[in-house]
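Undergrad:
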Amino acid sequence: MEQYVIKGGNPLVGEVEIGGSKNAALPILAAALMTDETVYIENMPDVFDTNVLLKAIESIGVIVKRTGRHSVMINAGNINSVIITDENIKKIRAAYYPTGAMLGKYKEAQVPLPGGCDIGCRAIDQHIKGFKALGADVVIEHGLIKTKAERLVGTHIYMDCVSVGATINVMMAAALAEGTTIIENAAKEPHVVDLANFLNSMGANIKGAGTDVIRIKGVVKLPGTEYTIIPDQIEAGTFMFAAAVTKGDVTVKNVIPKHLESITAKLMEIGCEIEESDDCMRVVASKRLKPTHVKTLPYPGFPTDMQPQIAVALAMAQGTSIVTESIFENRFKYVDELTKMGANIKVEGNTAIITGVSHYTNANIQAPDLRAGAALVTAALTADGFSVVDEIRFIERGYEDFHLKLQNLGAQIERVSSEKEIQKFKLRIG
23 MEQYVIKGGN PLVGEVEIGG SKNAALPILA AALMTDETVY IENMPDVFDT
73 NVLLKAIESI GVIVKRTGRH SVMINAGNIN SVIITDENIK KIRAAYYPTG
123 AMLGKYKEAQ VPLPGGCDIG CRAIDQHIKG FKALGADVVI EHGLIKTKAE
173 RLVGTHIYMD CVSVGATINV MMAAALAEGT TIIENAAKEP HVVDLANFLN
223 SMGANIKGAG TDVIRIKGVV KLPGTEYTII PDQIEAGTFM FAAAVTKGDV
273 TVKNVIPKHL ESITAKLMEI GCEIEESDDC MRVVASKRLK PTHVKTLPYP
323 GFPTDMQPQI AVALAMAQGT SIVTESIFEN RFKYVDELTK MGANIKVEGN
373 TAIITGVSHY TNANIQAPDL RAGAALVTAA LTADGFSVVD EIRFIERGYE
423 DFHLKLQNLG AQIERVSSEK EIQKFKLRIG
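According to the working numbering, the sequence shown holds residues 23 to 452 in order.
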């Protein structure tokens with residue numbers, strides 16, 4: 023079993039290059055199925071989730087050619103099935119994205135229900151509502167979402183709650199529907215906008231992405247395109263909070279500062295210095311952090327994917343902080359692990375009351391999910407002594423070369439697969 027072994031105590035210092043957005047790459051890879059022509063995608067992160075989705079679409083006859091570690095050529099001109107049965111796709115949240123893409127193009131799709139991290143219910147009721155409104159029949163059978171339509175016709179859809187996945191899926195299906203579709207109460211996340219831009223680069227007619235009303239005028243077919251995925255705001259935010267936790271000085275490069283505004287606002291509130299340039303953000307943390315209150319909200323609010331990272335920082339702040347989770351009900355599963363390291367956190371329902379401690383202590387801990395796993399690594403980076411992080415497969419779902427990027431910032435961390443390798447690391451580091 024792969025693990026990270028970490029010796030804490032080094033502030034992170036230097037520059038780190040941020041990769042392409044995992045949350046944008048997954049729907050864009052699915053949307054590449056919507057044309058018979060070749061699509062070239064750049065700045066794709068080389069992580070577990072993207073690789074699983076590429077293998078899944080290959081299994082139905084899509085030609086996938088990796089033209090570089092972060093670039094791929096996709097041609098879906100000869101799909102032999104609209105049924106995805108690849109077992110691995112069940113492990114990722116993005117499992118449902120090919121549904122909207124294939125329903126739009128072929129008027130039929132059978133795709134496994136989503137998996138991924140166990141951070142709470144991933145309801146698909148708004149996806150179903152949207153597909154039905156466009157004219158599709160939808161049933162859930164044998165762990166599959168089965169959709170089929172004689173034709174898709176544009177309509178007016180009001181989302182009962184803000185749903186990134188449903189906004190994305192309905193937008194893809196509507197791009198090839200007859201007439202105009204209006205999605206109200208749409209998600210505004212940067213990866214929703216990136217998908218709309220990708221589809222528009224293929225000839226779709228989508229306006230309003232990034233606002234709560236998206237208008238989609240259906241087209242008959244989509245040609246190929248070349249497209250570069252946006253930088254990953256969550257990877258950037260993770261390194262920015264890692265700088266705060268370790269009292270470091272880190273510049274994250276290849277970012278869009280606008281996408282990081284809620285994150286930088288909280289970093290400044292807790293006492294960090296922020297320097298912003300066109301595509302870089304520098305975070306300097308020279309003093310003990312201050313407490314604050316934060317509530318996760320849909321974009322442009324504070325991201326739920328950054329909640330564990332800010333909690334790790336606040337658990338070392340001087341005073342009491344409150345973190346409220348409004349998106350996923352199981353997002354505090356990491357608290358027990360952080361408590362092993364000396365944190366003082368009390369969870370009541372969807373709220374964590376955090377009383378800051380002066381430092382973390384080393385411990386053997388386990389990553390419960392993707393973002394919490396990364397956050398626990400940042401805690402171990404500042405803890406006394408050696409820590410071991412298990413279940414790093416969760417972290418590698420969404421962070422490319424995480425330990426290598428941390429090493430380049432001065433962290434003492436290594437990826438190991440045996441007790442012998444852990445001992446060798448400890449002897450070498452001393």
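A virtual CB, placed ideally from N, CA and C, is assigned to each residue, including glycine.
From this set, C183, V399 and R237, which residue's C-alpha is nearest G201's C-alpha?
TA: Minimum Cα distance to G201 is reached at R237.
Undergrad: Pull up the CB-CB distance for V411 and M338, whole angstroms please, since I reckon it's below 8 angstroms.
TA: Actually they do not touch by this definition, with Cβ atoms about 18 angstroms apart.
Undergrad: Use the C-beta contact count for T342: other C-beta atoms within 10 angstroms, 16 or more gives buried, fewer gives exposed.
TA: Counting Cβ neighbours within 10 Å, T342 comes out exposed, since fewer than 16 surround it.
Undergrad: Need the endpoints of the beta strand (DSSP E) that S93 sits in, please.
TA: That run of the beta strand (DSSP E) goes S93 to N97.
Undergrad: Pick helix, strand or coil for Y421, following the three-state DSSP scheme.
TA: In the structure shown, Y421 sits in coil (DSSP, three-state: anything other than H, G, I, E or B).
Undergrad: Which residues in the same chain have their Cβ closer than 7 angstroms to the Cβ of L392, if we skip the five residues on either side of it in sequence?
TA: Closer than 7 angstroms at Cβ, skipping near neighbours: C139, F416, I417, R419 and G420.
Undergrad: For the beta strand (DSSP E) containing E163, list its first residue and its last residue.
TA: Taken as a continuous stretch (DSSP letters only), the beta strand (DSSP E) holding E163 covers D159 to E163.
Undergrad: So what does DSSP say about D216, is it helix, strand or coil?
TA: If DSSP states are grouped into helix, strand and coil, D216 belongs with the helices.
Undergrad: Since E64 and I251 should fall inside the 8 angstroms C-beta cutoff, what is the C-beta to C-beta distance between them, to a whole number of angstroms?
TA: Going by Cβ atoms, the distance from E64 to I251 rounds to 7 angstroms, so yes, they are a contact pair.
Undergrad: Rounded to whole angstroms, what's the CA-CA distance from G30 to F261? Just pull it up for me.
TA: Rounded to whole angstroms, G30 to F261 spans 16 angstroms at the Cα level.
Undergrad: Need the endpoints of the alpha helix (DSSP H) that P49 sits in, please.
TA: That run of the alpha helix (DSSP H) goes K44 to A53.
Undergrad: Just checking my contact of T326 with I344 at CB under 8 angstroms: how many whole Å lie between their CB atoms?
TA: With a Cβ gap of about 16 angstroms, T326 and I344 do not count as contacting.
Undergrad: Using C-beta distances below 7 angstroms, list every residue in its chain close to P245, excluding the 5 sequence neighbours before and after it, in chain order.
TA: T57, E59, M224 and G225, listed in sequence order.
Undergrad: Would the stretch 215-235 count as touching the stretch 276-294 if we require 3 or more Cβ pairs under 8 angstroms?
TA: Contact fails: fewer than three Cβ-Cβ distances are below 8 angstroms.
Undergrad: Can you give me the start and stop residues for the alpha helix (DSSP H) that P330 sits inside?
TA: P330 -> alpha helix (DSSP H) spans Q329 to L336.
Undergrad: How big is the Cα-Cα spacing for N366 and Y356?
TA: Looking at the two C-alpha atoms, the distance is approximately 13 angstroms.
Undergrad: Just to confirm the assignment, what range does the beta strand (DSSP E) spanning Q25 have?
TA: Element bounds for Q25: Q25 to K29.
Undergrad: Could you tell me which uninterrupted alpha helix (DSSP H) segments, each at least 4 residues in length, are contained entirely in the stretch 68-114, listed from first to last along the chain?
TA: You should have 70-80.
Undergrad: What residue does the beta strand (DSSP E) around L360 start on, and which one ends it?
TA: Careful: L360 lies outside any beta strand (DSSP E), inside the alpha helix (DSSP H) at V357 to K362.
Undergrad: Do three or more CB pairs link the stretch 347-364 to the stretch 305-316 at distances below 8 angstroms?
TA: No, they do not touch.
Undergrad: V192 and I205 look like a contact to me (Cβ under 8 angstroms); what is the Cβ gap, rounded to whole Å?
TA: Between I205 and V192 the Cβ distance is about 6 angstroms, and since that is below 8 angstroms, they are a contact.
Undergrad: Can you tell me the Cα-Cα spacing of C143 and G187, whole angstroms?
TA: Summary for C143: the model assigns pLDDT 49, below 50, so the residue's position carries little reliability; its value from the coordinates is reported in the next sentence. So the alpha carbons of these two residues sit roughly 13 angstroms apart.
Undergrad: Here's a check: name, in chain order, each residue in its chain whose Cβ is nearer than 6 angstroms to the Cβ of K87, leaving out the five neighbours to either side.
TA: For K87, where only same-chain residues beyond five positions count, the Cβ hits under 6 angstroms are M95.
Undergrad: Would you report the Cα separation of D354 and H425, rounded to the nearest angstrom?
TA: In the sequence on display, residue 354 carries Phe and not Asp. Each residue's alpha carbon lies about 24 angstroms from the other.
Undergrad: For I85, which residues from the same chain have a beta carbon less than 6 angstroms from its beta carbon, with the 5 sequence-adjacent residues on both sides left out?
TA: If we look at I85 and ignore the five residues flanking it on each side, its Cβ neighbours are N97.
Undergrad: Hey, could you find the ends of the beta strand (DSSP E) I435 is sitting in?
TA: Q434 to V438 is the extent of the beta strand (DSSP E) around I435.
Undergrad: Does P325 come out as helix, strand or coil in the three-state DSSP assignment?
TA: Here P325 sits in coil by DSSP.
Undergrad: What's the C-alpha gap between E291 and A333?
TA: Distance between the alpha carbons of E291 and A333 is about 14 angstroms.
Undergrad: Which first and last residues belong to the beta strand (DSSP E) in which P136 is found?
TA: Note, P136: premise wrong, no beta strand (DSSP E); not H, not E.
Undergrad: According to the neighbour-count rule (16 or more other Cβ atoms, all chains shown, within 10 Å of its Cβ), is V69 buried or exposed?
TA: With 16 or more Cβ atoms within 10 Å of its Cβ, V69 is classed as buried.
Undergrad: Let's test the definition: count the other Cβ atoms within 10 Å of the Cβ of A52 and tell me whether it reaches 16, buried, or not, exposed.
TA: That one is buried.
Undergrad: Check each candidate in H381, N430, A47 and V160 and name the one with the smallest Cα separation from V215.
TA: Nearest of H381, N430, A47 and V160 to V215, Cα basis: A47.
Undergrad: Looking at C-alpha atoms only, which residue of G323, V399 and V242 is the closest neighbour of N453?
TA: Outside the shown range of the chain (23 to 452) lies residue 453, about which nothing can therefore be said.
Undergrad: Which residue spans inside the stretch 215-296 form an unbroken beta strand (DSSP E) run of at least 3?
TA: Segments of the beta strand (DSSP E) lying fully in the stretch 215-296: 227-229, 235-239, 247-250 and 271-275.
Undergrad: Since D412 sits in a beta bridge, which residues does DSSP pair it with?
TA: The partner list for D412 (beta bridge, DSSP) reads Q388.
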